[in-house]
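Contents: one structure, followed by commentary.
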Amino acid sequence: MEDHRSDFRLEKMCKVLQVSRSGYYKWKAAEPSQREKRRQKLSERIQWHFYDSDETYGSPRIHNELVKEGWSISERTVGLIMREQGLRSCMSRKFRVTTTDSSHDMPIAENVLEQDFKATKPNEKWVADITYIPCRQGKLYLASILDLYTKQIVGWKLSDRMTSNLVMDALKQAYLAKKPGKGLIHHSDRGSQYACKEYRNQLMQYGMKPSMSRKGNCYDNACIEAFHSILKRELIYSKPKFKTKQEAQQRLFRYLEFFYNRKRSNSTIGYMSPVRFEQLYYERVA
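See below:
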């Protein structure tokens, strides 16, 4: 009745619905129950977490954030409220551009990693890959390096050319940021960028042990490919295409450095952000 006051007279609605006017006014003046107040407050917090994550969080992550705040609620209830409010985490369309050129005669490193994606500490195992980033101004390529323990992107570089300089810059950034000790396993695909002499020499200079996937086996580098899938789903294909290369650089910087590394909860590390998970490790071993 309240929703249709502008369409029909109150007297007519009361007569059709067999409700007394005094009953209607009593209902309107009544205070919301504690249950209704709780649900309203819960709905507000769900909306806040959804939009604070730039519409990337689904019910599992929002449920976890609510539990951290002290709410006692099931993930199913969070999902139902999100459905009622029309809140749906971003989805991406399938699209793939080949970024691996393994047709070369350069040396191929042994597969040292052998799909063992578990690490016991930061800077023990890094995985690297290149992915295509669409942009209205022209093609872009992103080289990323991920730490298998913290799930943090420790180095990245965006360029309009898929050259050895692209992956070299990402590697140098990662090394300067983390200063890893000797013996770190660096795993990549067999692309010419990673197999070239310059890159191999740089790994040797840093004291890193090179490792490469088997030919045509995407599972050997599944973790970094999974990260790129998340990036495409949450930033690239769920939002309008980047208009300029500068916009792509700025939005990728904001997503990788501020959201993904420092804020986004990761289910594989106890729904913590990579930076927080790394901090806890060093606090534990101090």
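Under UniProt numbering, the sequence shown has 240 at position 240, and the numbering climbs by one with no breaks.
Glycine included, every Cβ here is placed at the ideal spot set by N, Cα and C.
The structure presented is a predicted model; accordingly, all values stated were derived computationally and were not measured.
Taking 7 Å as the cut-off, is the C-beta of residue 180 nearer than that to any heavy atom in the ligand PLP?
Within the structure as shown, the ligand PLP is missing, as the structure has no ligands at all.
Let's see if you can read the secondary structure: which residues bound the alpha helix (DSSP H) around residue 144?
It is not in any alpha helix (DSSP H) - residue 144 instead sits in the beta strand (DSSP E) that spans 140-147.
Where residue 17 falls: helix, strand or coil (DSSP):
The three-state secondary structure of residue 17, taken from DSSP, is helix.
Please tell me whether residue 140 and residue 224 are closer than 8 Å, where the distance is taken between their beta carbons.
no
In whole angstroms, what is the alpha-carbon distance linking residue 237 and residue 15?
Roughly 53 Å between the two C-alpha positions.
Does the distance from the CB of residue 133 to the CB of residue 193 come in under 8 Å?
No, Cβ-Cβ distance for residue 133 and residue 193 is not below 8 Å.
Mind checking whether residue 168 and residue 189 have CB atoms under 8 Å apart?
Cβ atoms of residue 168 and residue 189: not closer than 8 Å.
Suppose the cutoff is 7 Å on Cβ atoms and the five residues either side in sequence are ignored; what does the same chain contact list for residue 262 look like?
273 and 275
Environment of residue 219 [buried if 16+ CB atoms lie within 10 Å]
exposed
Close Cβ partners of residue 65 (< 6 Å) along its chain, the five nearest in sequence each way excluded:
49
For residue 151, which three-state DSSP category applies?
coil
Straight-line Cα distance separating residue 26 from residue 254:
51 Å
I'd like the ranges of any beta strand (DSSP E) spanning at least 3 consecutive residues and lying wholly in the region 178-235.
185-188 and 209-212
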